[in-house]
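Undergrad: Once you've had a glance at the structure underneath, I'll fire off some questions.
In our numbering, the protein residues as written are 2 to 705.
Structure follows, in structure tokens:
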């Protein structure tokens, strides 16, 4: 009576808030009002017996038991546009045994991926055992016996799995003497049942079944259903004080793990059997079996509805091919880090569902060995209504190592050789080169440690490791690889060509291999990159002409690529350690000659090669800095061909050089172009090297 008064107070409070009809003045009126909302669901019922409906957490799948095909089997119905589809037989289960087998008491897991039921299949532990099947797309796999200790040599049936997957509720036959005499007479020669639970152990096996305490278990109980909150248990019982036959009762676990005394669900109970409860995803409807034959639904009074839940659901797939993968889903309290539940998703398509109570914050971690993990956070502290959150998860069994390889001096991308191996291994797993843009992505299987070596000629090698042997959250790794070039110290001395005295000068060094320009004063030491070619220009504002040369910096020394010691006033001293380059500058005196470097023409032509432009630009600057200077531009050839031909050719070449200078806005009256042909060799024309020296352009100062 005390519990009925408690329910009445809740209902009267709600009646005042919800403005239900004023005619509901009494407890009986209120109960009858909600009981009047009960109705059969035509899509699910036939002229046969429909039994034991079980609904998934998202409210879209219902599994039921029916004898509509002659024997008791399992059927599947889907909620589409607000209506349940015509139930379809689950043949992988129904056809597993033979025509005499009883199959019933289905209970679909809250995530919709597992289906538990009992059956009398041959080869079991007792007369009826609990089995399970795994969802495979739109159908189910062949049944598997859940095994001992849940199943025994007796009867086990009507399983119900908790939302966290940790507790299984079911019934076993009660062989004790029924204490209620009237009930004993009613159930004479009939079996009564008791409610049990089994808890899953850390190793994944089920623990020894425990009998639920009195007064949950009295004499004849049936069909336990644990709700999504993992605390509320609804079951059917035929006991003293009921309305008749089986009635539905509700109990809850307290925070300390005790069960509250069961309360009769008066809003649904009638004089006939009312049993097999299942609550909709929104929590406002209770599905049940009325009179042991048809599936009904009834509104649940708001104050009696279970805790509101949020459904997190989606697919866990391989991020590369989109196939579903089996994973472990760990749910924990975001504030205490205490584990709440560990679930598994469907191994076939990766479908998962997690049921979370509103009012708290949660962390969800998705893990699979050999794959990346995924962490999710959900703040449900301010939620107060049922909601479905779709969250697809992609996991990867490889990590992408994105390398950005660049020159540590110039911060420019460079192409290099990359090698990958495991520690201690002799062979490389990968040997490849990156793109000229400096980037490359290495796809590396998880679960290992990798050593990565980056090499490039004339650069220091780089070595580092990537450890993806343990938990990996993000599959993308980025590594900037700074490559430091090998360098040689070059001492550049600038002196007067006549007296060899040091002079104040400016040296400009341009790297012909890359965008690098260095400017220093003369008589300084500069570090230049090994393997590169440099153009060096020395100038002075103290009345000197310029001097230039091109050098190749090599690992063992430095070589002059153009010019000549005697003619160009450039020399290299020393091959090891610091190399010294002596650059002598010609004083600007009337009659002084300055051999221009790399003034090149096409073969047998007076057409200037583009390589010549840099040296001629230096002449332009020299003429601008010395506005009173007049010069002769003299061209010389080797002795190949006739003297007359060479004289004419050299004259045209001298004119071509002067034309370039005039086009740079230097007045034409400051130049004299003259071709000397082969008449003034500086070395004998007896070798190709000597002939190359004789083919030259010389600037002679006529006035200053």
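Even for Gly, the Cβ is constructed at its ideal location relative to N, Cα and C.
Every value quoted in this text rests on a predicted model; they were computed, and no experiment measured them.
By how many angstroms is the C-alpha of residue 590 removed from the C-alpha of residue 648?
TA: Translated into the one-based positions of the chain shown, residue 648 becomes position 647. Translated into the one-based positions of the chain shown, residue 590 becomes position 589. Approximately 27 Å between the Cα atoms of the pair.
Undergrad: Checking 9 Å against the spacing of the C-beta atoms, do residue 308 and residue 355 come in under that value?
TA: Working through the chain shown from its first residue, we reach residue 308 at position 307. Working through the chain shown from its first residue, we reach residue 355 at position 354. Not closer than 9 Å, so no.
Undergrad: Where residue 584 and residue 501 are concerned, what is the direct C-alpha to C-alpha distance, given to the nearest angstrom?
TA: Numbered from 1 along the chain shown, position 583 holds the residue referred to as residue 584. Numbered from 1 along the chain shown, position 500 holds the residue referred to as residue 501. Roughly 10 Å separates the two Cα atoms.
Undergrad: To the nearest angstrom, report how far apart residue 532 and residue 615 are at their CA atoms.
TA: Here residue 532 is taken as the residue at index 531 of the chain shown, counted from 1. Here residue 615 is taken as the residue at index 614 of the chain shown, counted from 1. Cα-Cα distance, rounded: 22 Å.
Undergrad: Could you name the residues that DSSP lists as bridge partners for residue 1?
TA: Because residue 1 is not part of the residues shown, which for the chain are 2 to 705, the question remains open.
Undergrad: Looking only at C-alpha atoms, which of 395, 357 and 476 sits nearest to residue 386?
TA: In the chain shown, residue 386 corresponds to position 385, counting from 1. Measuring from the Cα of residue 386, the nearest candidate turns out to be 357.
Undergrad: When the Cβ atoms of the region 164-176 are set against those of the region 86-105, are three or more pairs found closer than 8 Å?
TA: Between the region 164-176 and the region 86-105, the count of Cβ pairs shorter than 8 Å is below three; the stretches do not touch.
Undergrad: Count the other C-beta atoms from every protein chain shown that fall within 10 angstroms of the C-beta of residue 267, then say buried if there are 16 or more, exposed otherwise.
TA: In the chain shown, the residue the question calls residue 267 occupies position 266. Under this definition residue 267 is a buried residue.
Undergrad: Consult DSSP for residue 303 and reduce its assignment to one of helix, strand or coil.
TA: For the purposes of this step, residue 303 is taken as the residue at position 302 of the chain shown. If DSSP states are grouped into helix, strand and coil, residue 303 belongs with the helices.
Undergrad: Is the distance from the Cβ of residue 295 to the Cβ of residue 44 below 9 Å?
TA: Position 294 of the chain shown, counted from the start, is the residue given in the question as residue 295. Position 43 of the chain shown, counted from the start, is the residue given in the question as residue 44. It is not a contact, given that the beta carbons lie outside the stated cut-off.
Undergrad: For the pair the region 77-87 and the region 323-340, tell me if three or more CB-CB distances fall below 8 Å.
TA: no
Undergrad: May I ask which residues mark the beginning and end of the beta strand (DSSP E) holding residue 440?
TA: To locate residue 440, count along the chain shown from 1; it is residue 439. Taken as a continuous stretch (DSSP letters only), the beta strand (DSSP E) holding residue 440 covers 440-446.
Undergrad: Could you tell me the boundaries of the beta strand (DSSP E) in which residue 115 lies?
TA: Here residue 115 is taken as the residue at index 114 of the chain shown, counted from 1. 115-120 is the span of the beta strand (DSSP E), which, as asked, contains residue 115.
Undergrad: Whole angstroms is fine: what's the gap from residue 600's alpha carbon to residue 434's?
TA: Position 599 of the chain shown holds residue 600. Position 433 of the chain shown holds residue 434. C-alpha of residue 600 to C-alpha of residue 434: approximately 39 Å in a straight line.
Undergrad: Taking residue 625 as part of the beta strand (DSSP E), name the residues at either end of that continuous run.
TA: For the purposes of this step, residue 625 is taken as residue 624 along the chain shown, with counting starting at 1. Premise fails: residue 625 lies in the alpha helix (DSSP H), 614-626, not in any beta strand (DSSP E).
Undergrad: Kindly indicate the opening and closing residues of the alpha helix (DSSP H) around residue 430.
TA: Taking the chain shown and counting its residues from 1, one reaches residue 430 at position 429. Looking at the DSSP string, residue 430 is not in any alpha helix (DSSP H), and its letter there is neither H nor E.
Undergrad: Can you list, in chain order, the residues of its chain with a C-beta nearer than 6 Å to that of residue 36? Leave out the 5 residues immediately preceding and following it.
TA: Counting from one through the chain shown, the residue named residue 36 turns up at place 35. Cβ within range, chain order: 268.
Undergrad: When DSSP builds the beta bridges, which residues end up paired with residue 276?
TA: If you number the chain shown from 1, residue 276 lands on position 275. Looking at the DSSP assignment, residue 276 forms a beta bridge with 290.
Undergrad: Residue 453 lies in the beta strand (DSSP E); which residues open and close that run?
TA: Locating residue 453 in the chain shown gives position 452, where the first residue counts as 1. Note, residue 453: beta strand (DSSP E), 450-456.
Undergrad: Which same chain residues, not among the five before or five after residue 424, have their C-beta less than 8 Å away from its C-beta?
TA: Counted from its first residue, the chain shown places residue 424 at position 423. These residues qualify, in order along the chain: 450, 452 and 466.
Undergrad: Between the alpha carbons of residue 530 and residue 524, how many angstroms are there, rounded?
TA: As a first step, residue 530 is located in the chain shown; it is residue number 529 there, counting from the start. As a first step, residue 524 is located in the chain shown; it is residue number 523 there, counting from the start. Taking the straight line from one Cα to the other gives about 19 Å.
Undergrad: Candidates 407, 117, 490 and 271: which alpha carbon is nearest residue 553's?
TA: Taking the chain shown and counting its residues from 1, the one referred to as residue 553 is at position 552. Closest by alpha carbon: 490.
Undergrad: When you compare only the Cα positions, how much space is there between residue 701 and residue 526?
TA: Walking along the chain shown from the start, residue 701 turns up at place 700. Walking along the chain shown from the start, residue 526 turns up at place 525. The alpha-carbon atoms of residue 701 and residue 526 are separated by roughly 32 Å.
Undergrad: How would you write the range of the alpha helix (DSSP H) that residue 225 sits in, first residue to last?
TA: By one-based count along the chain shown, residue 225 stands at place 224. Per DSSP, residue 225 belongs to no alpha helix (DSSP H); it is in the beta strand (DSSP E), 221-227.
Undergrad: Alpha carbon to alpha carbon, what distance is there between residue 471 and residue 118?
TA: Indexing the chain shown from 1 puts residue 118 at position 117. Indexing the chain shown from 1 puts residue 471 at position 470. Using only the alpha carbons, I get a separation of about 39 Å.
Undergrad: Buried or exposed for residue 587, please, with buried defined as at least 16 other CB atoms from any protein chain shown within 10 angstroms of its CB.
TA: Residue 587 sits at position 586 when you count from the first residue of the chain shown. So residue 587 counts as buried.
Undergrad: Is residue 275 near the ligand MN - that is, is its Cβ less than 8 Å away from at least one heavy atom of it?
TA: The ligand MN is absent from the structure shown, which contains no ligand whatsoever.
Undergrad: Relative to the alpha-carbon of residue 192, which residue among 609, 223 and 202 has its alpha-carbon at the smallest distance?
TA: Walking along the chain shown from the start, residue 192 turns up at place 191. Out of 609, 223 and 202, 223 has the C-alpha closest to the C-alpha of residue 192.
Undergrad: Cα separation between residue 157 and residue 175?
TA: Counting from 1 along the chain shown, the entry for residue 157 is found at position 156. Counting from 1 along the chain shown, the entry for residue 175 is found at position 174. Residue 157 and residue 175: Cα-Cα distance of roughly 11 Å.
Undergrad: Whole-angstrom Cβ separation of residue 679 and residue 644, contact assumed at under 8 Å?
TA: Indexing the chain shown from 1 puts residue 679 at position 678. Indexing the chain shown from 1 puts residue 644 at position 643. Going by Cβ atoms, the distance from residue 679 to residue 644 rounds to 6 Å, so yes, they are a contact pair.
Undergrad: Can you give me the Cβ contacts of residue 496 inside the same chain, cut-off strictly under 8 Å, excluding the 5 residues immediately before and after it?
TA: Walking along the chain shown from the start, residue 496 turns up at place 495. Here the set comprises 502, 503, 504, 583, 584, 585 and 586.
Undergrad: Pull up the distance between the alpha-carbon of residue 469 and that of residue 204, whole angstroms please.
TA: Position 468 of the chain shown, counted from the first residue, corresponds to residue 469. Position 203 of the chain shown, counted from the first residue, corresponds to residue 204. Approximately 26 Å between the Cα atoms of the pair.
Undergrad: What number of angstroms, rounded off, separates the C-alpha of residue 290 from the C-alpha of residue 375?
TA: Along the chain shown, one-based indexing puts residue 290 at 289. Along the chain shown, one-based indexing puts residue 375 at 374. Cα-Cα distance, rounded: 41 Å.
Undergrad: Between residue 196 and the rest of its own chain, which residues show a CB-CB distance below 7 Å, the 5 nearest in sequence each way excluded?
TA: Reading the chain shown from its first residue, position 195 is the one you call residue 196. 170, 172, 213, 217, 218, 222, 225 and 236.
Undergrad: Tell me which residue opens and which closes the alpha helix (DSSP H) that residue 263 is part of.
TA: Numbered from its first residue, the chain shown carries residue 263 at position 262. Per DSSP, residue 263 belongs to no alpha helix (DSSP H) and is neither H nor E.
Undergrad: Between which two residues does the alpha helix (DSSP H) containing residue 662 stretch?
TA: On the chain shown, position 661 is the one that residue 662 refers to. Per DSSP, residue 662 belongs to the alpha helix (DSSP H) from 644-663.
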